[in-house]
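Colleague: As you go down the protein sequences, you meet chains V and W in turn. First residue of the first sequence: 1, per UniProt numbering; consecutive thereafter. First residue of the second sequence: 1, per UniProt numbering; consecutive thereafter. The beta carbon of each residue, even a glycine, is placed where N, CA and C say it ideally should be. Predicted model, so just to flag it, every value in this text is computed and none were measured.
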Amino acid sequence: MSRSTTIQAPGLSSYLKSLRSTPVEASIEHFISLLKRRQIRNSRPCALATTQLLIQVVKEFKGKDADKLLRRIRDVGRRLIAAQPREMVVGNIVRRVLGLIREIKDDDADADSNAVNSDAGSPTPHHDSLNRPHLASSISTFSPLRHGALPPMDTTSGPESLADSGELPHRPALFSSHTSYAPLGTSLFGLFSQPDTPSNTSTPTGRHSPTGKHTMTASALERIGESTILKRTNIKAEVLEGMNELQDELEQSDDQIAANALDHIHSNEIILTHTASTSVQKFLLAAAKKRKFTVVHAEAHPNDHDAVHATILTGKKRDAEVISEEAGDRWKPLTAAGITVVLIPDSHVFAIMARVNKVILATHSVLANGGLVAAAGARVIASAAKVHRTPVVVVTGVYKLSPVYPFDIDELIEYGDAGNVVPYDDGDFVDKVDVDNPLYDYVPPELVDLYVTNLGGHAPSYLYRIVADHYHPDDINLSGAVERDEK
Amino acid sequence: MGPKGKKGQAADKAKSGEVEREDPLQAVILADPFETRFNPFTLERPRCLLPLANTPLIEYTFEFLANAGVEEVFVYCGAHTDLVDDYVQRSKWSSLSSPFSKINTIHSTAQSIGDAMRDLDKKGILTGDFLLVYGDVVSNLPLESALAAHRARRAANKDAIMTMVLREAGTTHRTKAQGTCPVFVIDPRKDRCLHFEQMPNREHNKFLSIDPGLLSSYQELDVRQDLIDCGIDICTPDVLALWSDNFDFQAPRKGFLHSVLKDYDLNGKTIHTHIVTDHYAARVRNLHAYDSISKDIVSRWAYPLCPDSNLLRGQSYRLQKGNIYKEQGVILARSCIINRKTVIGRDTSVGEGSVISNSIIGRGCVIGRNVAIDGAYIWDNTRIGDGSSVKRAILASEVSVGRTCKVEPGALISYGVTISDGMTIGGDHRITRAKRRREKNEDVERGEPNIAIVGQGGDGFEYLDDEEEDEDEVVEGLTPTGLIYNLSSLALSTDSISTLNSNSESDISQEYTQRSASGSFVSIDSVESESGHAKHFDHDAASSIYDSLEAGHESANIQLELTSLRMSLNASEHQVRRAVAVAFVKRVSQVIKSGVEAKQAVAQVFDPHKSLLKRISFDKEEAAKVDQVDFLLLLQKELASREKGDIILLQASMKLYQMDVLQPEAVEQWWADAKATGTEALVNVRQKTQPFIEFLENQSEEDSEGESEEESELE
């Protein structure tokens, strides 16, 4: 680092560097202004920055009360989301962290109620959805298996879960489990037996009757307050550990996705892709190690074409962040792996679609209904693929999955610099014509055939389950949750 | 210069690089551009706090600096210092989480940018390279490349003192300066700016005078007038030193840039340009620019500087289709129509049947029923009554417009004005409640309402500014006619640009209406001068004499320099005298300021230069002492605006008389000259000289009887 550091504009790398040395409150404000200034943008940088920031927030957090920590994280999260609501990843990460804290808290509660009520009550079947957190207590929130323990949906989604569970063994282990990684057998057992019999895998938790529940919880909560101080002196350490795993997930998700590549890309296929997404590049590169195929790359003019060109030439975005540099040798262009890459303008997508075997799309964020928000042009491609019955595969990390339903599509789409479309120099044009430059497209779920995440492949209609697995229902609406909590 | 001076040496490079990293990037915001273009609004608020798309202008500047990675910011205030100070203190930029490690407001009494720069030089707070911007810059430019280029040039040659960041913008562009048209002559191979001229846009004969030497010594020259000069300069501390050396510079472009480029042979300093072709950069330099930059922001040309970026704390704008931005809590009646490119702030309510398009409306406004608003800028807490229409006008905060009023395109209505029902406000009206007191501290007071304009029960009166009566500021900006006029003359200007001639006269003191030109050096009568070259003489000669006086050079040397300057620039004798008068007066008042008595000061300055002073008049033998009278007049005019001018005038005329530079007849002729009593100031300044004249009159009577002795008696 020579003197270039002085003149570096603020961005992700400088932000991450500054995080350790600056007080948390200043870091939060700093991140907010970077978000507003769009100096940190796109899903991965936002996710990394949010995670790092929240780690600092937790580290700085004084006290041992999980509820206070929850409230603190939620407050910070609300401010971050308000700064740039269209970077939904920020909200996702906040919700994941909240879920993590809730899980640890519930673990405590379990342990606590275990201690207190170990001899009390007889097992009652718990259909009550309110029991769900307790049920899940022995399984990591992030475990792909946890969907099996979701009572409200079980009856309707049985077959799906079944089908999905077939894939389970292939899934990469997400975490070096600190929380008890549920043994597969018991989990499956729980999956089937759970609707009518109490799961014997879960620790005997909600044995109180539904009627007495509220008082019970209230008193239990009080005791939690005491007992956490006594026993869990270190809720913070656990949360931090969980967050480090979350960070690992962010860093590994591309590789984990790429591990699925050979299942989806076959020899001599013609693959169409769009934008300079790192996930997609890694996915294609992984497949290119074993197979020969052709890639048709739509250039995503006018917002991403420079990055696309750079990716095709060097395998790396020109403005790639420092973070990814240690992986230097992995950044080979596809052409170096012997793949034919054809660059086409966006307007040629429909014409060439007839010859394409598969469309692989990157995404900005994925919505709970199975639709996605992706770089502008994605919808055109997806629609063209639909006409030609070409399968559309969306490659995404689970962290991009948002518990948001697209009620108002305009709210999701960011409009960018009009100067990218028409040069600002053109005075007449600027004066007389309104120019719009949407950065994103909304692609409805019916245009997507498959999502490949770091957990495996999923149908769009299945995403709501993953959402339910990853986010606590109380966290979905962050601003609303506070009011409810404070009552 | 510090560590950067050494950079040329390869051995030192690594080390100085180390040092430089420690150097935080500094920036100076000139919060007050010392202009009156935003009157009447700037009577009550400083320009940098006027809202642009409902966000104070200075916020955009801060954003830009934060974006560029600036660490230390100095806000240089002129008028309304307390308001700026207060704002900065309360803003997020001085909070703990601010991206700036230091943010200071500098109070000053400067009357022009030149004064401000010299003041900054004296303060010595700027240690390394710094950014000089105005408090009204709107830009999303990343500056890394410009800074890197600047530093590379500095490393290669420490005379590269400044880099101007310019935005390319075609031949016609709404955001470009409309009144005048800056022309840059650039050596494209080194990005060096060779010549700068500010062309007035109004006249149809346009000439650019380029030194023929430039044409012969450079293979390639770009003559460009398609650049938006957004006032972003990357400067080295040498720039400040240059400002200090040239005490007569007032304006950064026309004064400083023009002269430094012209004096390249003398000082060897080079100024470079960094021309960007993407990103957004502009300055809200006048109301026209206010209009077009507002449009740019709403249409997202300045992305991410858009209303929905919510730059300010507590803003909650959201974008809807068609570039409509609404904050939370806007109350719209069911039947009102909000058209494209509209911004509406919180708690504003719009009544039934109203139509709003292309407008920016602040917070807490109340807009009645069946109101038509088009292309208007309405600031906070304004009320507009039922059935009124507002088109392409600016309504400041707390304005109240009655029912069925009509505000025509171009009208400017300042803070708190009340218009009663049924009035029509013409497009050439500027209505205010504040009146500037002519006294020093620029305070404002309330004037009496003018019922003919605001109607019965209204409040406010027509704003008149005698300083800029002749400039058509009134129509500039929002009215369509002004725009068309400007554009057509702009188009004409492009044809005649390469004609080499030197009729670039009127550029000084036209663009920059300084709030006070009294401190200025060349300001006296510089309009009289005959040609472009001669004009240069004024400033060159005055400054060279002044420098020599200060350095205590010999009279003969000064004489030689003066003569050569006169010859080379074909200046008239009158101009030589003016230069001499200006320089001597300047020097004398400087000496007096250092605590010397007026009489000693005059003696100290004048005594060594008898021969020089004698050589400026050639009418000893003639009866009508035209030259000597001229010199006295010039002295008088120059002194009229100075502190203790009257005493200096008395002492100087006595001294000159003693030195035999002036003959008694000349003094008497001067006393009788009508020009010497032209204005009140002139009369005032010569009051103290009265006894001297009386003495001379007596003397001349005695003279007829016997010669001499006057010298001893004068004491």
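Identify each residue in the region 393-422 of chain V for which the Cβ-Cβ distance to at least one residue of chain W is less than 7 Å, and report them in chain order.
Modeller: Those residues of the region 393-422 of chain V that come within reach of chain W (Cβ to Cβ, closer than 7 Å) are Asp410, Tyr415, Gly416, Asp417, Ala418 and Gly419.
Colleague: When Cβ atoms are compared, which residues of the region 28-52 of chain V fall closer than 8 Å to chain W?
Modeller: Under the 8 Å Cβ criterion, the region 28-52 of chain V contributes Ile28, Glu29, His30, Ser33, Lys36, Arg37, Arg38 and Gln39.
Colleague: Once DSSP output is grouped into helix, strand and coil, what is the label at Met117 of chain W?
Modeller: Correct three-state label for Met117 of chain W: helix.
Colleague: Between the beta-carbon of Leu98 of chain V and the beta-carbon of Ile32 of chain V, is there less than 8 Å?
Modeller: For Leu98 of chain V and Ile32 of chain V, no; Cβs fall outside 8 Å.
Colleague: Three-state secondary structure (DSSP) at Arg587 of chain W?
Modeller: Note: Arg587 of chain W maps to helix in three-state DSSP.
Colleague: I'd like the span of the alpha helix (DSSP H) that includes Thr396 of chain V, first residue to last.
Modeller: Where Thr396 of chain V is concerned, there is no enclosing alpha helix (DSSP H), given that its DSSP letter is neither H nor E.
Colleague: Near Arg153 of chain W, which residues of its chain fall below 7 Å by C-beta distance, leaving aside the five closest residues on each side in sequence?
Modeller: Same-chain partners within the cutoff: Ala160 and His272.
Colleague: Ordered along the chain, which non-local residues of its own chain (more than five positions away) have a Cβ less than 7 Å from that of Asp475 of chain V?
Modeller: The answer, listed in chain order, is Arg95, Leu98, Gly99 and Ala481.
Colleague: How long is the line joining the alpha carbons of residue 493 of chain V and Gln84 of chain V, rounded to whole angstroms?
Modeller: There is no way to answer for residue 493 of chain V, as the model of chain V reaches only from 1 to 487.
Colleague: Can the beta-carbon of Val588 of chain W be found less than 8 Å from the beta-carbon of Ile545 of chain W?
Modeller: It is not a contact, given that the beta carbons lie outside the stated cut-off.
Colleague: Taking contact to mean at least 3 C-beta pairs separated by less than 8 Å, is the region 384-404 of chain V in contact with the region 249-262 of chain V?
Modeller: Touching, yes, given that three or more Cβ pairs across the two stretches are closer than 8 Å.
Colleague: Below 7 Å on C-beta distance, what does Gly213 of chain W contact in chain V?
Modeller: What Gly213 of chain W touches in chain V: nothing, since even the nearest Cβ is about 32 Å away.
Colleague: Could you pull the start and end residues of the alpha helix (DSSP H) that Thr311 of chain V belongs to?
Modeller: Segment His305 to Thr314, the alpha helix (DSSP H) holding Thr311 of chain V.
Colleague: In the DSSP output, which residue or residues are listed as bridge partners for Ser279 of chain V?
Modeller: Its beta-bridge partners do not exist; DSSP assigns none.
Colleague: Output, in sequence order along the chain, the residues in the region 320-354 of chain W whose CB is closer than 9 Å to any CB in chain V.
Modeller: Those residues of the region 320-354 of chain W that come within reach of chain V (Cβ to Cβ, closer than 9 Å) are Gln320, Lys321, Gly322, Asn323, Arg340 and Lys341.
Colleague: For Ser157 of chain V, name the three-state secondary structure that DSSP assigns.
Modeller: Below a pLDDT of 50, predicted positions are generally treated as unreliable, and Ser157 of chain V, at 38, falls in that range; the measurement from the model is reported next regardless. Correct three-state label for Ser157 of chain V: coil.
Colleague: Would DSSP call Tyr15 of chain V helix, strand or coil?
Modeller: Helix.
Colleague: For Ile104 of chain V and Ala66 of chain V, which I take to be in contact (beta-carbon distance under 8 Å), what is that distance rounded to the nearest angstrom?
Modeller: Confirmed, about 7 Å.
Colleague: Check this for me: beta carbons of Met353 of chain V and Thr294 of chain V, under 8 Å apart or not?
Modeller: In this structure, Thr294 of chain V does not lie closer than 8 Å to Met353 of chain V by Cβ.
Colleague: Between Arg383 of chain W and Ile324 of chain W, what straight-line distance do the alpha-carbon atoms span, to the nearest angstrom?
Modeller: Roughly 21 Å separates the two Cα atoms.
Colleague: Quick check on Gly427 of chain V: does DSSP put it in helix, strand or coil?
Modeller: Here Gly427 of chain V sits in helix by DSSP.
Colleague: Start and end of the alpha helix (DSSP H) containing Asp254 of chain V?
Modeller: Note, Asp254 of chain V: alpha helix (DSSP H), Ile235 to Ala258.
Colleague: Beta carbon of Ile337 of chain W, beta carbon of Val355 of chain W: below 8 Å?
Modeller: In this structure, Val355 of chain W lies closer than 8 Å to Ile337 of chain W by Cβ.
Colleague: Within its chain, find whatever has a CB closer than 8 Å to the CB of Gly213 of chain W; leave out the 5 residues flanking it on each side and keep chain order.
Modeller: Within the same chain, Gly213 of chain W has no close Cβ partners at all.
Colleague: Along chain W, which residues have their Cβ under 9 Å away from the Cβ of Glu299 of chain V?
Modeller: Within chain W, no residue comes near Glu299 of chain V; the closest Cβ sits about 18 Å away, beyond 9 Å.
Colleague: Which residues does DSSP pair with Tyr415 of chain V in a beta bridge?
Modeller: Beta-bridge pairing links Tyr415 of chain V to V:Pro438.
Colleague: Determine the contact status of Asp538 of chain W and His574 of chain W, defining contact as a CB-CB distance below 8 Å.
Modeller: Contact: no.
Colleague: Hey, how far is the Cα of Ser617 of chain W from the Cα of Gln690 of chain W?
Modeller: So the two alpha carbons sit approximately 24 Å from each other.
Colleague: List the whole-angstrom C-beta distance separating Pro40 of chain W from Leu412 of chain W, where the pair is believed to meet the contact cut-off of C-beta under 8 Å.
Modeller: So it is a contact: roughly 7 Å between Cβ atoms.
Colleague: For Met164 of chain W, I'd like the list of residues in its chain whose CB is within less than 6 Å of its CB, leaving aside the five on either flank, ordered along the chain.
Modeller: Excluding positions up to five away in sequence, the list reads Asp233 and Thr273.
Colleague: Does the separation of the CB atoms of Leu439 of chain V and Tyr424 of chain V fall below 8 Å?
Modeller: Not in contact: Leu439 of chain V and Tyr424 of chain V (Cβ atoms no closer than 8 Å).
Colleague: In the DSSP assignment, find the alpha helix (DSSP H) that holds Ser59 of chain W and state where it starts and stops.
Modeller: Looking at the sequence itself, residue 59 of chain W is Glu, so the reference to Ser does not match. From DSSP, the alpha helix (DSSP H) with Glu59 of chain W extends over Leu57 to Asn67.
Colleague: Where does Ser520 of chain W land, buried or exposed, given buried means 16+ other C-beta within 10 angstroms?
Modeller: For Ser520 of chain W, the predicted structure reports a pLDDT of 38, less than 50, and the residue's modelled location is therefore unreliable. The matter cannot be settled from this model.
Colleague: Restricting to Cα atoms, I'd like to know which of W:Phe256, W:Glu668, W:Leu682 and W:Ser98 is closest to Leu312 of chain W.
Modeller: Of W:Phe256, W:Glu668, W:Leu682 and W:Ser98, the residue nearest in Cα terms is W:Ser98.
Colleague: Apply the 10 Å Cβ neighbour rule to Tyr15 of chain V and answer buried if 16 or more other Cβ atoms are within range, or exposed otherwise.
Modeller: Buried, since its Cβ has 16 or more Cβ neighbours within 10 Å.
Colleague: Can you find the residues in the same chain that come closer than 8 Å, C-beta to C-beta, to Glu530 of chain W, ignoring five residues on each side of it along the sequence?
Modeller: Because Glu530 of chain W carries a pLDDT of 43, less than 50, the predicted location of this residue cannot be relied on, and the following value inherits that uncertainty. Excluding positions up to five away in sequence, the list reads Ser572.
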